[in-house]
Amino acid sequence: MTTLSGWGNVPARGRERLSERIERASAGAVLSRGLGRSYGDSSLPPSSEPIVLGTRLADRVLDFDPETGALRAEAGLSLLELNRLMIPRRWFTPVTPGTQFVTLGGMVAADVHGKGHHRAGCFASQHVRALRMRVADGRVLEVSRDQHPDLLLATFGGMGLTGHILEVEFTMRRVASPWIWSESRRVDDLDEFIARLKETSVEWPYQVGIVDGLARGEQLGRGILDYGRWATAEEAGGRPVRFKRRVTVPFSMPAALRQRWSVGLFYSLLVRKHVPRHKRHGLRHFEDFFYPLDTFRRWNRLYGPRGFTQYQCVLPNAAGVSAVRRLLEVMAREGGVPYLAIMKDCGPEGEGMLSFPMAGTSLALDFPITDDTQRLVDRLNELVIREGGRIYLAKDMFTRPEHFAAMEPRLAAWSAVRERWDPEGALRSAQSVRVLGDAP
Amino acid sequence: MNIVMLGATRGMGRALARLLAERGDRVFLLGRDAEELERSAADLAVRAPNFKGFRGHAPCDLSDTQSFAPALRAAEEALGRVDVVVVTAGLFATQEQLEADIDRTELLLRVNFTNTVVFCEHARATLMARGGGTLCVFSSVAGDRGRKPVALYGASKAGLSHYLESLDHRFRDQGLVTICVKPGFVNTGMTAGLKPPPFAGEPEKVARDVLKAIDAGTPMIYTPSIWRLIMLVILHLPRAVMRRVGF
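Rendered as structure tokens:
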């Protein structure tokens, strides 16, 4: 039997059955999987039914109205292909995650957010108008705010557990040019970081902070804040945009190079190189701005053969800056060495019943997996529960069911809808077995 | 250009149709399933430079020779003039599947060889009645040498390649350009269940190669191009070696 893994590179028993005709192939399937970019076990099958439906060949655009921006496509269409088709013609997805290697179906299932959450919200909650779905009893349905709204909202962020997403209809937005106008700023400590995040979120549609994950004491929370907007046609001056060449990381990084000192060196260079404190970048390629890691195919190999996990949580504004400080302190105390630490300001919670973001600060920390990872995640989760925050299932591989239930008061309502549409629990994933207690 | 494509709803045909539509060519689709044709036609129309490209299709089933003439007529009526006919349709099954099922074998041989040739004869007539054009047909590297894992599928493609070469020799000076495309292993829905060998290609790469061949009138191409080298070696291996190795 072959294995499948999420982006965290932790293999599990399973196989993908690819089909160009997912409407037919989804009958009886246990789970759909797009490009497998969720980090943990969201896209992996339960152990008793090891074959998932691979949707990435179902990638046709079915309709686009250049008057309104309404676009309908098959769920396996990737953001990479959508950008390739639409960016040169000045259209862009209303919400983009940090990689183009995702499918529309995956973007709905995780109700993805991005650098623009404070303004544009989540992809599905705020911008998807309708879905075509195959539900557990075998029916194929049009699902919208008028037809089966409960199913629609439970599917936004529902991790593919409420039915197979076959088609997605959403509204694209016009952009003035294919280029980004951006600035960045060096930030010296956490208080300043949070203040600047709030400040830039008022003026700028896109923002992201890279935090030095190893800095302690006075320097805790230092890093770089990056923000931008689409350049105007005058700023871009009609420069056409070419898509980037990609480089593949050829093998797993050996342990000798994956040490505290090498990670520290990376952060130091990142922060110290940022001279002056406040840079006007001017025009930037949209791929550099939104998808810096997409340049490296298989960058997950940098974390070594045991793979990695990303711990992403959001802490509510009410908990204040001190909650973020406490989280970084718990991480340091538990010996967590994040290879990458990303901080963002989130806007209000979306309509998706299990949609991740809430008004507050989101932190995403990448850790190589070690024997201590479970304990680290447990301690972080305990803190997140105390502070009234929650974690993002699309990244998760270690959260315990009791912790998830404690941080997700919306779970009962979502489960009730899921139960209504799939009383037998036919649609499952390795993650739903682990976190929601589904039958293996 | 005006192009008629048989079998472009999936795989390499889909990728090629997209390239053509994206540069503004008009693609008319032929295939078995009306709904699939409609969805692919919609996809191509959005890809056209103005978002509202040409949209047309007609039913045509490679296992039914009676469907060929009406399909080509419908295409010609819709397009006005046909410049290129592309055939990517065909059946595939593993040697084990075929050996276990004689009816499936008979169907595969008939569809991939006899009926494809009959379709090409119709297409030839259509193109030559307008003074010429390009006929581009997907054969396979499997037809180049008798090999253990593709005895039957390979035989159907060997016959097809042979026909296509002859056709090009016979009619090129009368304006008919025939292109025989020999893809190696390409990752598509057709090969999804098989273990990909080293050098497995992607349909988008194949599509770019084929587009170049159509524009240049290259009579035969291997694609991705590494397969030219691989087949050069395989074609020169002695029989005794071929008998021993597994490919």
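Chains as they are written, first to last, in our numbering: chain A, 5 to 444; chain B, -18 to 228.
Cβ atoms here follow ideal geometry from the backbone N, Cα and C, with glycine treated the same way.
Buried or exposed for A:Asp370, going by 16 or more other Cβ atoms inside 10 Å? buried
Presumed contact (8 angstroms Cβ cut-off) between A:Leu224 and A:Ser188, rounded CB distance: At roughly 20 angstroms, the Cβ-Cβ gap does not stay under 8 angstroms, so A:Leu224 and A:Ser188 are not in contact.
Whole angstroms is fine: what's the gap from A:Leu384's alpha carbon to A:Val334's? 7 angstroms
Compare the beta carbon distance of A:Val198 and A:Ile346 with 8 angstroms and say whether it is the shorter of the two. Checking the sequence, you will find Ile at residue 198 of chain A rather than Val. No, the Cβ-Cβ distance between A:Ile198 and A:Ile346 is not below 8 angstroms.
Around the Cβ of B:Arg4, are there at least 16 other Cβ atoms within 10 angstroms (buried) or fewer (exposed)? exposed
Collapsed DSSP secondary structure at B:Cys101 in the structure displayed: helix
Just checking: is the beta-carbon of B:Ser121 within a distance shorter than 8 angstroms of some beta-carbon in chain A? no
If you measure beta-carbon to beta-carbon, which residues of the segment 8 to 33 of chain B are closer than 7 angstroms to chain A? Arg20, Ser21, Ala23, Asp24, Val27, Arg28 and Phe32
So for B:Val191, helix, strand or coil by DSSP? helix
Which class does A:Leu218 belong to by DSSP, given the choice of helix, strand or coil? coil
Is the Cβ-Cβ distance between B:Arg(-1) and B:Leu18 less than 8 angstroms? no
Apply the 10 Å Cβ neighbour rule to A:Phe255 and answer buried if 16 or more other Cβ atoms are within range, or exposed otherwise. exposed
Would you mind sorting A:Lys348 into buried or exposed? The rule is 16 or more other CB atoms within 10 Å of its CB. buried
On the CB-based measure, 16 or more other CB atoms within 10 Å of its CB, does A:Gly221 come out buried or exposed? exposed
Within its chain, find whatever has a CB closer than 6 angstroms to the CB of A:Ala180; leave out the 5 residues flanking it on each side and keep chain order. Trp234, Thr236 and Ala237
If the cut is a Cβ gap below 8 angstroms, which residues of chain A does B:Gly37 touch? Correct list: empty, because the minimum Cβ distance to chain A is about 16 angstroms.
Cα-Cα separation, A:His121 to A:Gly311: 28 angstroms
Using only alpha-carbon positions, find the residue among A:Ala128, A:Asp69, A:Gly18 and A:Pro101 that is nearest to A:Lys119. A:Pro101
Spatial neighbours of A:Asp195 within its chain, please: C-beta separation below 7 angstroms, excluding the five flanking residues on both sides. Val325
Where the segment 60 to 90 of chain A meets chain B: residues whose CB sits under 7 angstroms from a CB there: Leu61, Arg64, Val65, Leu66, Asp67, Phe68, Pro70 and Leu89
Got a sec, what are the start and stop residues for the beta strand (DSSP E) A:Ser188 sits in? Trp183 to Val191
In the DSSP assignment, the beta strand (DSSP E) including B:Lys138 goes from what residue to what residue? Careful: B:Lys138 lies outside any beta strand (DSSP E), inside the alpha helix (DSSP H) at Ala132 to Phe152.
Inter-residue Cα distance where the pair is B:Glu146 and B:Phe100: 16 angstroms
Looking at chain A, is there any beta carbon in it that lies within less than 8 angstroms of the beta carbon of B:Gly170? yes
Where A:Ala327 and A:Gln130 are concerned, what is the direct C-alpha to C-alpha distance, given to the nearest angstrom? 28 angstroms
Can a CB atom of chain A be found closer than 8 angstroms to the CB of B:Arg(-9)? yes
The segment 354 to 365 of chain A in contact with the segment 125 to 140 of chain A per 3-pair CB rule at 8 angstroms: yes
If you follow the alpha helix (DSSP H) that A:Gly161 is part of, which residue opens it and which one closes it? Counting along the chain, A:Gly161 falls outside any alpha helix (DSSP H), and DSSP gives it neither H nor E.
Taking A:Leu157 as the query, report the chain B residues whose CB atoms sit under 8 angstroms from its CB, ordered along the chain. The premise fails here: A:Leu157 is roughly 27 angstroms from chain B at the closest Cβ pair, so nothing lies under 8 angstroms.
Grab the span of the alpha helix (DSSP H) containing B:Pro250 for me, first residue to last. Because chain B is modelled from -18 through 228, residue 250 of chain B falls outside the range shown and cannot be assessed.
Roughly how many whole angstroms lie between the Cα atoms of A:Gly161 and A:Ser205? 24 angstroms
Please name the residue or residues paired with A:Arg233 in a DSSP beta bridge. A:Trp185
Which one of B:Val187, B:Lys176, B:Asn168 and B:Gly198 has the shortest CA to CA distance from A:Arg60? B:Asn168
Kindly indicate if chain B contains any beta-carbon less than 8 angstroms away from that of A:Ser23. yes
For B:Asp24, the three-state DSSP class (helix, strand or coil): helix
Near the ligand SAM: A:Glu85 beta-carbon under 7 angstroms from a heavy atom: With respect to small molecules bound, the structure shown includes none, and the ligand SAM cannot be examined in it.
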